[in-house]
Amino acid sequence: MLLSAPIAAIAAAWSIVSATAAYYAALAWVLATGCSIEAVPLLQRDAAALVHVYSLAKTLQLWDSPHYRAPTLSDDLRANLKNVAVPGTGVPLSLFCSCRLAFLAFLLAVNPLLSAAGALYLAALRASASACPDASASGCRLRRVGALYRELLLAPRHWLASWRLNCLVVAWHARVAGASAGYDLEDKAAFLAEADRLGLPVAPYMRGARVFVKHRSVEGGQGIHVYRNFTAGGDWIIQEAIDNAPCLARLLPRGAPLSTFRVVTASVAWLEAREAQRGGGGSGDPAPSAALANGRARALERQLERQRLESEQVCREQGERTKRASRQQQQQQQQQEQERQQQQPPPRPPPPQQQQPPPPSEQQQQQQEREQVRLWSRSASPLLARFLSRTPSPIPGGHSSRPRSRGADAAPPAPSPPLPVSTSIQHTSGTPVPPPASDDGSGGDDSSSLGDGWHSPTGAGSGSGSEGVYERCIEVLTSVFRAGLAGADTDHTSICFPVNGAGELGRGVTANHWYRTGWQGVLRIPASARVAWDEHPQSGHLVAGEVIPEFWSSVAGLALQAHALLAPSVPLVGWDVALPADTAAGEASCLLEMNISCNLFNGAYDRAGYADLAYAYMAELHRAEREAAARAKAARHGVRQKRR
């Protein structure tokens, strides 16, 4: 016991030093060599950490590169991080994006310091919930500090890290793939016009040229405002306000804004097209890239390890059930025998052939249980069979059986499982989605997989090749319900409840404390940052465990269909889907806008599969850049030869 604290201090110090060394070494390697993510000699066993550090260095390398919605990537960072600050600092993150030198200083000095401060703060919060005995409590806290520091520095799990990673991947992809991939639809007006043209349900908007707004009492022309609609070349989208559907309104407080679903969809259509090009234009089975092969190998290892753990757990549960059933049977037999002896005279002994076999002894029961476990373990689990047969995982179904009561005896609902990334567009009930004319639908290797439950193209599409391409390429990453707060204009300030594939809502969290800039945010972190809600904090209505009717067909399916029709090659798109109170006939939901540099809003998702997806895109984007540079060099060489 006396040596536990020094040993824990040494272990925590080693964790901190090794994480810091790996962080600086990986940053320096990428910045100095400009290599592909596959060529980084560090952190290759931790895809999440490698993707995070590589993306930080790549942001610095692409600092002045053109951006699809801003002049440069740095301009986009400054515009979108003005109202975001690390909790407790109050300093807008846009300050560190003022110039390249400021961002480099953030990477080298500020980020490690913030990670250390965050580790100490989180370790102090979790100290009260520690299961360590008093004698080793200090050692547990030290080990926790080291683990938290490593996580925050190398592979943070907060929403800002995933948002920043999404922004980098799509910005890089837009630079390589060009605007033809659908990035121009980030413009909300262009999105509404194109989605409406394709027949997708969108929020109703005014089609007139101008709108005239007059104050009821201000005179002299001062209370008059004229807005020119985007349909006539103006800058404004003029829409009537939408109310929440009854199934959502009853969960929200009075005065809550329109509360929407954020559905994030992921696509590997561009990766598949690149593989098809390397394979000779789509004929035959193209050779997969090294990034995809590495992702598949890691995915298979995780699947096998998870199946082994699940098998052991099921075996233990089965053995316990067998023991309980045997005990209950013995107790019932003994009770029945006692009742018969009390009510009737002792019967004559039955013939030998009618005698019931005596209950098995304890040794016989153990032998039977071992035999059952041995026979059970011979067959593969259903999940492993689905993985090896390349079929998409089913949607988690069923309504929650947890109690809806908020009484003292009601158990708090557990967090809903994440919406599986492998839920394919083939589950939707929409119309078939045609691919671009340049894609023949051959796809690639059907067996490719990029993470636990994240399958890059899985199986052959139903129907013709043109209809099956995006059934294999576009899938749901995560989905959340943003429950707005009373008095807010939009649901950007909200409580985010994750939604699984069956439409069941999980426990809600918030990121509102990340938007406290200025003096009001210095050394002040509200208590709401540490709370997970089962109920809406203002309305008091139970939200966790509620089920949204027909969520998959009306919300998630609509997002998948929109991704396939509007921007199939874009890696990640966040869709804002509303359930209005008044809808047109046959339409239960509508699209508000698409967000390519999308925020996951603390949604639950497959983090390992998401890291593999980002890894594959980064490797392929670097390869595409090198090929483009080689073609440009060859073209310049050809021009010089002609001049000679």
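In the numbering used here, the protein residues as written are 0 to 643.
Positions of the beta carbon are idealized from the N, C-alpha and C atoms, including for glycine.
| query | result |
| --- | --- |
| Can you tell me whether Ala17 is buried or exposed, with buried defined as 16 or more other CB within 10 angstroms of its CB? | The amino acid at residue 17 is misidentified as Ala; the sequence shows Ser. Ser17 comes out exposed. |
| Under 8 Å by Cβ, that's how I've got Val498 and Ile547 pegged, so tell me the actual separation to the nearest angstrom. | 7 Å |
| Just checking, does the region 625 to 639 make contact with the region 210 to 227 on the three C-beta pairs under 8 Å criterion? | no |
| Would you call the region 232 to 247 and the region 564 to 572 in contact, with 3 or more CB pairs under 8 Å? | no |
| According to DSSP, Ala653 sits in a beta bridge with which residue or residues? | The chain is shown only over 0 to 643; residue 653 falls outside these bounds and no answer can be derived. |
| Please classify Cys589: does DSSP put it in a helix, a strand, or coil? | strand |
| How about His540 and Ala482: do their beta carbons lie closer than 7 Å? | no |
| Measure from the alpha carbon of Phe480 to the alpha carbon of each residue in Asn598, Asp581 and Thr71, then state which is nearest. | Asn598 |
| Would you kindly work out how many angstroms separate the C-alpha atoms of Ala8 and Arg142, rounded to a whole number? | 7 Å |
| To the nearest whole angstrom, what separates the beta carbons of Val52 and Leu42, a pair I think is in contact under 8 Å? | 7 Å |
| I think Leu590 touches Ala561, with their Cβ atoms under 8 Å apart; what is that distance to the nearest whole Å? | 6 Å |
| Since Val576 and Val263 should fall inside the 8 Å C-beta cutoff, what is the C-beta to C-beta distance between them, to a whole number of angstroms? | Actually they are not in contact, since the Cβ atoms of Val576 and Val263 sit about 11 Å apart, beyond 8 Å. |
| Thinking C-beta only, is Arg506 closer than 7 Å to Ala555? | no |
| Leaving out five residues on either side along the sequence, give the residues of the same chain with a beta carbon under 7 Å from the beta carbon of Pro485. | According to the sequence displayed, residue 485 carries Ala and not Pro. Closer than 7 Å at the Cβ level, and outside the excluded window around Ala485, lie Pro252, Arg253, Gly254, Ala255 and Gln537. |
| Out of curiosity, what's the CA-to-CA distance linking Ala602 and Leu504? | Going by the sequence as given, residue 602 is Gly instead of Ala. Taking the straight line joining both Cα atoms gives about 11 Å. |
| Using only alpha-carbon positions, find the residue among Lys81, Leu247 and Arg99 that is nearest to Pro545. | As written in the sequence, residue 545 is Glu, which differs from the Pro given in the question. The residue with the shortest Cα to Cα distance from Glu545 is Leu247. |
| Within its chain, find whatever has a CB closer than 8 Å to the CB of Phe647; leave out the 5 residues flanking it on each side and keep chain order. | A query on residue 647 cannot be resolved here, the shown segment of the chain reaching from 0 to 643 and no further. |
| Per DSSP, what kind of secondary structure is Cys314 in: helix, strand or coil? | helix |
| Does DSSP put Lys81 in a helix, in a strand, or in coil? | coil |
| Shortest alpha-carbon distance to Val50 belongs to which of Leu153, His66, Val85 and Trp513? | Leu153 |
| How big is the Cα-Cα spacing for Thr477 and Ala118? | 27 Å |
| Using a Cβ-Cβ cutoff of less than 8 Å, which residues in the same chain neighbour Arg249 once the five nearest sequence positions on both sides are dropped? | His540 |
| Using a 10 Å radius around the Cβ and a threshold of 16 neighbouring Cβ atoms, would you call Arg315 buried or exposed? | exposed |
| If we call anything under 7 Å between Cβ atoms a contact, is Ala46 one with Leu26? | no |
| Tell me whether Cys34 is buried or exposed, calling it buried when 16 or more other Cβ atoms sit within 10 Å of its Cβ. | exposed |
| Indicate whether Leu151 and Ser114 have their beta-carbon atoms separated by less than 7 Å. | yes |
| In angstroms with no decimal places, state the Cα-to-Cα distance between Val625 and Ala180. | Reading off the sequence shown, one finds Arg at residue 625, where the question assumed Val. Arg625 and Ala180: Cα-Cα distance of roughly 20 Å. |
| For Glu370, which three-state DSSP category applies? | Because the pLDDT of Glu370 is 47, which lies under 50, any placement of that residue in the model is unreliable, and the number read from its coordinates should be weighed accordingly. In the structure shown, Glu370 sits in a helix (DSSP, three-state: H, G or I). |
| Any idea what DSSP makes of Tyr204, helix, strand or coil? | coil |
| How many Å lie between Arg320 and Gln330 at the Cα? | 15 Å |
| What residue from Thr492, Gln340 and Met205 has the CA that sits closest to Phe229's CA? | Met205 |
| Would you report the Cα separation of Ala116 and Leu522, rounded to the nearest angstrom? | 12 Å |
| How is the beta strand (DSSP E) around Val210 delimited, first residue to last? | Arg209 to Lys213 |
| According to the neighbour-count rule (16 or more other Cβ atoms, all chains shown, within 10 Å of its Cβ), is Arg149 buried or exposed? | buried |
| Beta-carbon within less than 7 Å of Ala610's beta-carbon, same chain only, minus the 5 sequence neighbours each way: which residues are those? | Ala46, Ala47 and Val50 |
| Among residues of its own chain, excluding the 5 on either side of Ser553, which ones have a beta-carbon nearer than 8 Å to its beta-carbon? | Leu578, Ala587 and Ser588 |
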